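K.L.:
Here you go, one structure.
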Amino acid sequence: MKRGGLFALALCSLVARPASGQRPLKVYISADMEGITGVASADQLSPSGFEYQQAREWMTNEVLAAMQGAREAGATEFVISDSHGNGESLLIDKFPTDVPVRIVRSFPRPLGMMEGIDSSFAAVIFVGYHASTSSMTGVRAHTQSSALLTRIALNGASMSEAGINAAIAAQYGVPVVMITGDDAIVEETKRRLGPIEGVAVKQAIGFHSAATLTPAAAQTLIRQQAKAALERRGQMKPYVVARPITLEVSFKNYRPVELLGYLPGVERIESHTVRFVARDMREVSKFLEFVTSYEPTLTP
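The sequence shown: position 289 = 289 (the working numbering), numbered continuously.
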């Protein structure tokens with residue numbers, strides 16, 4: 001073959017595979033269950049509940065809908081954080097095999113519901129989130145632990161899990177572009193993060209009740225809004241919390257507060273509240289994982 005032919009062949013080869021040189025468009029999805037369509041009580045949230053298996057399917061399908069919408073906007077790689085209960089709720093055999101997907105499961109994790117996030121991601125999506133402990137209307141409203149805690153604050157501002165997790169993502173320069181859940185958490189998060197996309201899959205009636213869409217209708221909306229969110233990601237800004245970060249955690253009971261106050265760097269500021277000053281959100285997350293998970297009897 002002549003030199004001119006070799007050059008033409010090489011040029012055609014380069015033109016034929018431009019995608020191989022493109023940077024992957026990575027999306028991080030953190031998924032909880034309390035904000036999933038149809039979920040309103042322990043009947044759906046606990047393995048002993050009679051609708052728990054159906055709720056796992058609804059949760060999985062809403063994550064898949066978000067992934068599909070993101071892919072339509074150009075997403076090429078995903079990390080999914082399975083973040084409800086024991087962190088083993090998603091049906092992992094239902095996920096696609098034609099795109100790189102990693103699923104973070106079980107607890108504890110240093111970054112909690114955001115384990116695996118780093119600066120290589122283009123965007124974060126929250127699926128199935130719920131309102132904070134301070135909400136008077138949200139379905140199953142709580143922050144980190146409904147059994148243990150009554151308030152978490154960063155630099156004096158009471159936080160939802162969405163706020164805490166958005167601040168963790170911001171440490172790596174990644175914006176949250178979309179949230180799904182009940183109307184209370186969608187409104188709360190938009191007030192905090194700005195004009196992100198939001199899908200209210202149900203209207204909160206009370207802590208244990210909601211007026212919900214059907215799963216199919218919710219999944220259609222989630223897919224559409226995830227596509228729109230990724231297309232608008234350049235308009236979204238990371239939710240940066242000023243450092244050092246003053247973390248305040250209020251408990252339902254006295255005893256953990258008293259004992260945490262024994263630790264250097266932890267101050268008991270009220271009967272039910274401790275304060276910890278962290279260098280960054282990674283330290284905040286590790287502290288929260290510790291106080292909600294540690295027991296002396298843990299094995300192995």
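From the three backbone atoms N, C-alpha and C, an ideal C-beta is built for every residue, glycine too. Bear in mind that the values here come from a model prediction, so they are computed numbers and not experimental data.
Can you give the beta carbon distance from Gly138 to Met33, rounded, assuming they're within the 8 Å contact cut?
P.N.:
Contact doesn't hold; Cβ gap of about 14 Å is too wide.
K.L.:
Specify, as a first and last residue, the run of the alpha helix (DSSP H) that Ser293 falls within.
P.N.:
Run containing Ser293: Met281 to Ser293, per the alpha helix (DSSP H) assignment.
K.L.:
Is it a yes or a no for the stretch 232–242 touching the stretch 163–182, going by three-plus beta-carbon pairs under 8 Å?
P.N.:
Counting Cβ pairs under 8 Å, three or more are found: they touch.
K.L.:
Tell me whether Thr214 sits in a helix, a strand or coil according to DSSP, three-state version.
P.N.:
Note: Thr214 maps to coil in three-state DSSP.
K.L.:
Relative to the alpha-carbon of Pro24, which residue among Val99, Ser158, Ser132 and Ala228 has its alpha-carbon at the smallest distance?
P.N.:
Considering only alpha carbons, the answer is Val99.
K.L.:
Below 8 Å on the Cβ atoms is my guess for Leu247 versus Phe287; work out the distance and round it to an integer in Å.
P.N.:
Correct: roughly 6 Å between the Cβ atoms.
K.L.:
Can you list, in chain order, the residues of its chain whose CB lies under 7 Å from that of Ala42, leaving out five sequence neighbours each side?
P.N.:
Gly49.
K.L.:
Considering only their Cβ atoms, is the gap separating Ala131 from Ala141 smaller than 8 Å?
P.N.:
It is a contact, given that the beta carbons lie within the stated cut-off.
K.L.:
Can you tell me whether Glu258 is buried or exposed, with buried defined as 16 or more other CB within 10 angstroms of its CB?
P.N.:
Exposed: under 16 other Cβ atoms inside 10 Å.
K.L.:
Taking all protein chains shown into account, do 16 or more other C-beta atoms lie within 10 angstroms of the C-beta of Lys202, making it buried, or fewer, making it exposed?
P.N.:
Counting Cβ neighbours within 10 Å, Lys202 comes out buried, since at least 16 surround it.
K.L.:
Does DSSP put Met113 in a helix, a strand or coil?
P.N.:
If DSSP states are grouped into helix, strand and coil, Met113 belongs with the helices.
K.L.:
Please determine, among Ile222, Val291 and Gly198, the residue with the shortest C-alpha to C-alpha distance to Val249.
P.N.:
With distances taken between Cα atoms, Val249 lies closest to Val291.
K.L.:
In whole angstroms, give me the CA-to-CA distance for Arg56 and Gly85.
P.N.:
For Arg56 and Gly85, the distance between alpha carbons rounds to 12 Å.
K.L.:
Label Ile164 either buried or exposed according to how many other C-beta atoms from any shown protein chain fall within 10 Å of its C-beta, with 16 as the threshold for buried.
P.N.:
Buried, because 16 or more other Cβ atoms sit within 10 Å of the Cβ of Ile164.
K.L.:
With a Cβ-Cβ cutoff of 8 Å, do Leu111 and Ile103 count as a contact?
P.N.:
No.
K.L.:
Taking only runs that begin and end inside the stretch 35–104, name each unbroken beta strand (DSSP E) of 3 or more residues, in chain order.
P.N.:
Runs found: 77–82 and 101–104.
K.L.:
Taking the alpha helix (DSSP H) that Gly163 falls in, what are its first and last residues?
P.N.:
Note, Gly163: alpha helix (DSSP H), Glu161 to Gln171.
K.L.:
Can you give the Cα-Cα distance for Arg223 and Glu72, rounded to whole angstroms?
P.N.:
Going from the Cα of Arg223 to the Cα of Glu72 covers about 9 Å.
K.L.:
Drop a sphere of 10 angstroms on the beta-carbon of Ile92, count the other beta-carbons inside from all chains shown, and report buried for 16 or more, exposed for fewer.
P.N.:
Label assigned to Ile92: exposed.
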